[in-house]
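Keeping their order, the protein sequence lines are chains A and B.
The numbers in our numbering rise by one with no breaks, and the one at position 24 of the first sequence is 16.
In our numbering, each number is its position in the second sequence, counted from 1, plus 212.
Taking it in order: structure first as structure tokens, then the write-up.
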Amino acid sequence: SQTIHQWPATLVQPVGSPLSLECTVEGTSNPNLYWYRQAAGRGLQLLFYSVGIGQISSEVPQNLSASRPQDRQFILSSKKLLLSDSGFYLCASPTSGGGAGELFFGEGSRLTVL
Amino acid sequence: SQQGEEDPQALSIQEGENATMNCSYKTSINNLQWYRQNSGRGLVHLILIRSNEREKHSGRLRVTLDTSKKSSSLLITASRAADTASYFCATGKGGSEKLVFGKGTKLTVNP
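This is the structure in structure tokens:
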């Protein structure tokens, strides 16, 4: 069955520190992966999407970057965190067998920048 | 800017009552989807309605779509305390899988 593993689940980091959030996908042959951020009261914002290894598209200019080192691995990074980077980060992939654009989400990583 | 906007932002009802949430969007769509998010968890896909459909049912869920008004509604009948969650509508950009989500409706069902 389709699963998305995200870690760490929670993270508290000081301003200016680096960040690495990892997402690993299993049980799907669709290569597309997505990073969304959910800030308080702002809904979900698409940050990055990837259609394959080394292929990353950024949706909004920001302090974050993403990488796809392996087919089933998607990493969200920052060299220096800002307070505004706090939020709930969700990795998603198209639902296995969906075909119409439904997304399957991981359980998220909650980042608090102090 | 957000494609989908849910209304109301928050809704509190008693168990057994029906809950209706609305979603408005701005551009043409291929389909509209509804998702549910329990507090602190990831989103779960509930139901998808295509642009050529007007109504769709799944268990206690009923979704309508009015493309002329660019709006959709999600009805949860005979609500339960376990339905307490945030509900989001999402639309695709030109039919791609890059979904754009609204801010959601936070539903509280009181036992």
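Where is the CB? At the ideal position from N, CA and C, for every residue including glycine.
Note that this is a predicted model, so its numbers are computed, not measured.
- For residue 76 of chain A, the three-state secondary structure derived from DSSP is helix.
- Below 8 Å, enough C-beta pairs join the region 278 to 297 of chain B and the region 220 to 236 of chain B to call them touching: three or more.
- Here DSSP, grouped into helix, strand and coil, assigns residue 231 of chain B to strand.
- Only those residues of the region 291 to 320 of chain B whose C-beta falls short of 9 Å from the nearest C-beta of chain A are listed: 300, 302, 304, 307, 308, 309, 310, 311, 312, 313, 314, 315, 316.
- Considering only B/242, B/222, B/311, B/271, the residue with the shortest C-alpha distance to residue 97 of chain A is B/311.
- Put simply, the CB of residue 66 of chain A is far from chain B, with every gap to its CB atoms at 7 Å or more.
- The C-beta of residue 44 of chain A comes no closer than 7 Å to any C-beta of chain B.
- For the region 246 to 309 of chain B, not one full-length alpha helix (DSSP H) segment reaches 4 residues or more.
- A Cβ-Cβ separation of about 6 Å places residue 319 of chain B in contact with residue 297 of chain B under the 8 Å criterion.
- Collapsing the DSSP output to three states places residue 34 of chain A in coil.
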